[in-house]
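Numbering (UniProt numbering), first residue to last: 1 to 128.
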């Protein structure tokens with residue numbers, strides 16, 4: 001595979017009160033938060049519009065399972081189906097099944113320390 005990860009798609013973390021923490025980041029750091037956190041836009045090396053998501057989750061979220069960690073990273077990838085097949089052959093633990101939405105495909109893996117990583121084949125134009 002030529003490219004695996006092409007960028008950071010998001011950073012998600014657990015917190016006692018997501019609304020309070022979003023308010024703090026908005027007031028103290030000027031981050032323009034919304035109901036999900038903050039979607040910030042950037043251009044890739046070819047000048048394409050790209051988005052990265054910063055989101056606080058409730059501390060009892062099940063979304064990070066089976067990991068017990070306080071955070072989950074999301075990485076942008078080019079070809080999720082092919083990448084997951086390659087990773088399985090390399091012995092990487094794949095979690096769940098691919099999910100597809102109008103804004104992209106998602107798959108999940110575990111790193112050697114049990115961190116759940118979300119892999120996202122994005123459709124950035126769905127957000128424009």
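Cβ atoms here follow ideal geometry from the backbone N, Cα and C, with glycine treated the same way. Treat the numbers as computed from the prediction; the structure is a model and nothing was measured.
*Kindly provide the ranges of any beta strand (DSSP E) runs that are 3 or more residues long and lie completely inside the segment 54 to 113, ordered along the chain.*
Listed in chain order, the complete beta strand (DSSP E) runs (minimum 3 residues) inside the segment 54 to 113 are 71 to 77, 93 to 101 and 104 to 110.
_Alpha-carbon to alpha-carbon, residue 83 and residue 123_ = Straight across, the Cα-Cα distance linking residue 123 with residue 83 is about 17 Å.
*Select from 97, 26, 93 and 15 the residue whose C-alpha is nearest the C-alpha of residue 114.*
Among 97, 26, 93 and 15, the Cα nearest to that of residue 114 belongs to 93.
_Cβ-based neighbour list, residue 44, same chain, cut-off 6 Å, excluding 5 preceding and 5 following_ = Closer than 6 Å at the Cβ level, and outside the excluded window around residue 44, lie 50.
*Mark residue 10 as exposed unless 16 or more other C-beta atoms lie within 10 angstroms of its C-beta, in which case mark it buried.*
Counting every other CB atom within 10 Å of its CB across the protein chains shown gives residue 10 a total of 16 or more, marking it as buried.
*Could you work out which residue in 56, 7 and 110 is closest to residue 31 when comparing CA atoms only?*
Of the candidates 56, 7 and 110, 56 places its Cα closest to the Cα of residue 31.
*Beta bridge counterpart(s) of residue 41 as assigned by DSSP*: Answer is 51.
_Sufficient close CB pairs (3 or more, under 8 Å) joining the segment 92 to 109 to the segment 19 to 30_ = No: the two stretches stay apart, fewer than three of their Cβ pairs being nearer than 8 Å.
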